[in-house]
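The numbering of the sequence shown is this note's numbering, which starts it at 57 and goes up by one. C-beta atoms are modelled at their ideal positions from N, C-alpha and C, and glycine is treated no differently.
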Amino acid sequence: MSLAAGLATKVAKAAADREAVEELDRLRAKALSLADDDVEAFAGFLEERRKPAGGPAAAEAIVQVPADVVTVAVRVAELAALLAEEGPDALTGDAVTAAFLAAAAAESAAMLVGTNIADAGELADPRVEHVEERAGHARTLAERLV
Numbered sequence: 057m058s059l060a061a062g063l064a065t066k067v068a069k070a071a072a073d074r075e076a077v078e079e080l081d082r083l084r085a086k087a088l089s090l091a092d093d094d095v096e097a098f099a100g101f102l103e104e105r106r107k108p109a110g111g112p113a114a115a116e117a118i119v120q121v122p123a124d125v126v127t128v129a130v131r132v133a134e135l136a137a138l139l140a141e142e143g144p145d146a147l148t149g150d151a152v153t154a155a156f157l158a159a160a161a162a163e164s165a166a167m168l169v170g171t172n173i174a175d176a177g178e179l180a181d182p183r184v185e186h187v188e189e190r191a192g193h194a195r196t197l198a199e200r201l202v
C-alpha cells in the first residue's frame, strides 16, 4: 500500500496538487505504521492465545489493524483514480497502477478481517461486510480506469 501511495504522490507532485501530495504522504506513513502494528497485533494475539483465558483485546487488535488498512488503501485508491483522470497524461499509467495496488491491498486486508474474526471465535460480525464493500469500491475505481 505504501508503494501505491508513493506512485500516486509522484503523479500528484507532477500535477502540482499540493493537497493530494500532503494527504498521500500522510497515508503512506500510516501504511508503514500499520505494517508494524500488524506484526505487533499478531504477536500479541499468539501470546494471549497461549494463556488459559485468552485475550479479547488481542483478538480485537488482529481485526482492527487490517480494517484500518482497508480504510487507508481505499483512500489511496480514490486519490489515485482521481489523479489518473485529472493528472498529467504522461503519468496516467502510474496513477492506474497505484489504484490497482491500493485496491489489492484493500481486498487482501478485507480478507484478513474475516479470517481474523473467525480465528478469534466470532461467527458473524458486520465489520466483515463493511470492509468487503469498501474493498469492492476500491476495485471498482481501479477497474473503471482501464
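Quick check on residue i: does DSSP put it in helix, strand or coil?
| i | result |
| --- | --- |
| Arg195 | helix |
| Pro144 | coil |
| Pro108 | coil |
| Val119 | helix |
| Val202 | coil |
| Ala70 | helix |
| Met57 | coil |
| Ala180 | coil |
Note down the Cα distance separating residue i from residue j, rounded to an integer number of angstroms.
| i | j | result |
| --- | --- | --- |
| Gln120 | Phe98 | 11 angstroms |
| Pro144 | Ala91 | 31 angstroms |
| Ala155 | Glu79 | 15 angstroms |
| Gly149 | Glu141 | 11 angstroms |
| Asn172 | Ile118 | 6 angstroms |
Do residue i and residue j have their CB atoms nearer than 8 angstroms?
| i | j | result |
| --- | --- | --- |
| Ala162 | Ala133 | yes |
| Leu147 | Val77 | no |
| Glu136 | Ala85 | At residue 136 the sequence reads Ala, which differs from the Glu that was named. Contact: no. |
| Leu157 | Leu59 | yes |
| Val187 | Val126 | yes |
| Ala115 | Phe101 | yes |
| Val152 | Leu83 | no |
| Ala198 | Val130 | no |
Does the beta-carbon of residue i, which I'm using as the reference point, lie nearer than 7 angstroms to any heavy atom of the ligand SAM?
| i | result |
| --- | --- |
| Ala71 | Annotation note on the ligand SAM: not contained in the displayed structure, which lists no ligands. |
Residue i CB to nearest chain B CB: under 8 angstroms?
| i | result |
| --- | --- |
| Ala114 | In the structure shown, chain B does not exist; there is a single protein chain. |
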